[in-house]
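>
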Amino acid sequence: MLVLTDLTRFNDSDKVCMALLDEDDCTCYRPLPYENLDFVEFRNIRPGIIVSADVIPHENPDSPHVEDCTFENDVWLDCVDEQTFKDLLERSAVDSIEEAFEGIVTAKNRCVPVESPCSRSIRTIRINPKSVSLSVISSGEDVKLRLAFTDKAGETFRLTPIADLCFHRMAMEYVQQGRMDELEALLAGGEE
């Protein structure tokens, strides 16, 4: 069974990248071609949804997305329960960005060289919830959100762009309603 964990938005397109984990062994898959927002909204695709599909891995995936594949005969089912989703994320999580990306990505070096990608391009990282803060940055007419956090190894990452579609939408609602303090309190109040 495959469980969708991430929907990544693109700034310049209505395309959405999806990442799914195999519930048995936490293998990550990123199906191509990318879907568009209309498909995601029409199918009510969200984190936790179960997908049954024939997975065809790409022989030479484009770096750095080494998990690229094609889905055939895909059927989008209901969501797993909250505990199952949390357990899956926990089993796939690591304590640091350095561990997640083999020391290539650090607080000082956030880019992965195309010619030498990591063995994974997307990971779940354990962080200290009290370290999380959001910043709103004006860029012309646009408003951009940036996240700061400290991973469990003690490395601090600042001004990190937010590409997660669901989190970005939710955070922007708080921003537009002038409720950033409330959102930051919710994030910092978590246990993990």
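For the sequence shown, our numbering begins at 368 and goes up steadily by one. Note that the Cβ used here is the ideal one computed from N, Cα and C, for glycine as well.
Let me know if phenylalanine 409 comes out buried or exposed under the rule of 16 or more other beta-carbons within 10 Å of its beta-carbon.
Translated into positions along the sequence shown, residue 409 becomes position 42. The residue is exposed, with fewer than 16 neighbouring Cβ atoms inside 10 Å.
> Rounded to whole angstroms, what is the Cα-Cα separation between aspartate 379 and leucine 404?
Counting from one through the sequence shown, the residue named residue 379 turns up at place 12. Counting from one through the sequence shown, the residue named residue 404 turns up at place 37. Distance between the alpha carbons of aspartate 379 and leucine 404: 13 Å.
> Any contact between the segment 457-468 and the segment 490-510? By contact I mean 3 or more CB pairs, one from each, below 8 Å.
Yes: the two stretches touch, three or more of their Cβ pairs being nearer than 8 Å.
> Hey, would you say valine 370 sits closer than 8 Å to glutamate 402, going by beta carbons?
For the purposes of this step, residue 370 is identified with residue 3 of the sequence shown, where counting begins at 1. For the purposes of this step, residue 402 is identified with residue 35 of the sequence shown, where counting begins at 1. Against a cut-off of 8 Å, the Cβ pair of glutamate 402 and valine 370 comes out as no contact.
> Within the continuous beta strand (DSSP E) that includes aspartate 373, where are the two ends?
Position 6 of the sequence shown, counted from the first residue, corresponds to residue 373. Counting along the chain, the beta strand (DSSP E) containing aspartate 373 begins and ends at 369-376.
> Which stretch, first to last residue, makes up the beta strand (DSSP E) that contains arginine 397?
Locating residue 397 in the sequence shown gives position 30, counting from the first residue. Unbroken beta strand (DSSP E) run through arginine 397: 395-398.
> Should valine 418 and leucine 387 be called a contact, given that it needs their Cβ atoms to be closer than 8 Å?
Here the question's residue 418 lines up with position 51 in the sequence shown. Here the question's residue 387 lines up with position 20 in the sequence shown. Their beta carbons are under 8 Å apart, which means valine 418 touches leucine 387 by this criterion.
> Cutting at 7 Å between CB atoms, please list the residues of its own chain near valine 447, excluding the five before and the five after it.
To locate residue 447, count along the sequence shown from 1; it is residue 80. Correct list, in chain order: Val370, Gly415 and Ile417.
> Taking only three categories from DSSP, how would you classify lysine 519?
Taking the sequence shown and counting its residues from 1, the one referred to as residue 519 is at position 152. Coil at lysine 519, not helix or strand.
> Under 7 Å Cβ to Cβ from arginine 376, same chain only, skipping five residues before and after it: list those, please.
Start at 1 with the first residue of the sequence shown, and residue 376 comes out as number 9. Contacts found: Val383, Ala530, Leu532 and His535.
> Would you mind stating whether valine 504 and lysine 511 have Cβ atoms separated by less than 8 Å?
The residue given as residue 504 occupies position 137 in the sequence shown. The residue given as residue 511 occupies position 144 in the sequence shown. According to the sequence displayed, residue 504 carries isoleucine and not valine. Yes. Within cutoff.
> So for phenylalanine 438, helix, strand or coil by DSSP?
Here residue 438 refers to the residue found at position 71 of the sequence shown. Phenylalanine 438: strand per DSSP, three-state reduction.
> Pick helix, strand or coil for aspartate 454, following the three-state DSSP scheme.
Counted from its first residue, the sequence shown places residue 454 at position 87. Correct three-state label for aspartate 454: helix.
> Curious, which full-length alpha helix (DSSP H) runs of at least 4 residues does the segment 484-543 contain?
List check, alpha helix (DSSP H) in window: 532-543.
> Tell me the DSSP bridge mates of methionine 385?
Residue numbering aside, residue 385 sits at position 18 when the sequence shown is read from its first letter. In DSSP, methionine 385 forms a bridge with Leu374.
> Compute the Euclidean distance between the alpha carbons of asparagine 495 and glutamate 558, then round it to the nearest angstrom.
Within the sequence shown, numbered from 1, the residue matching residue 495 stands at position 128. Within the sequence shown, numbered from 1, the residue matching residue 558 stands at position 191. Near 8 Å, if we compare the C-alpha coordinates of glutamate 558 and asparagine 495.
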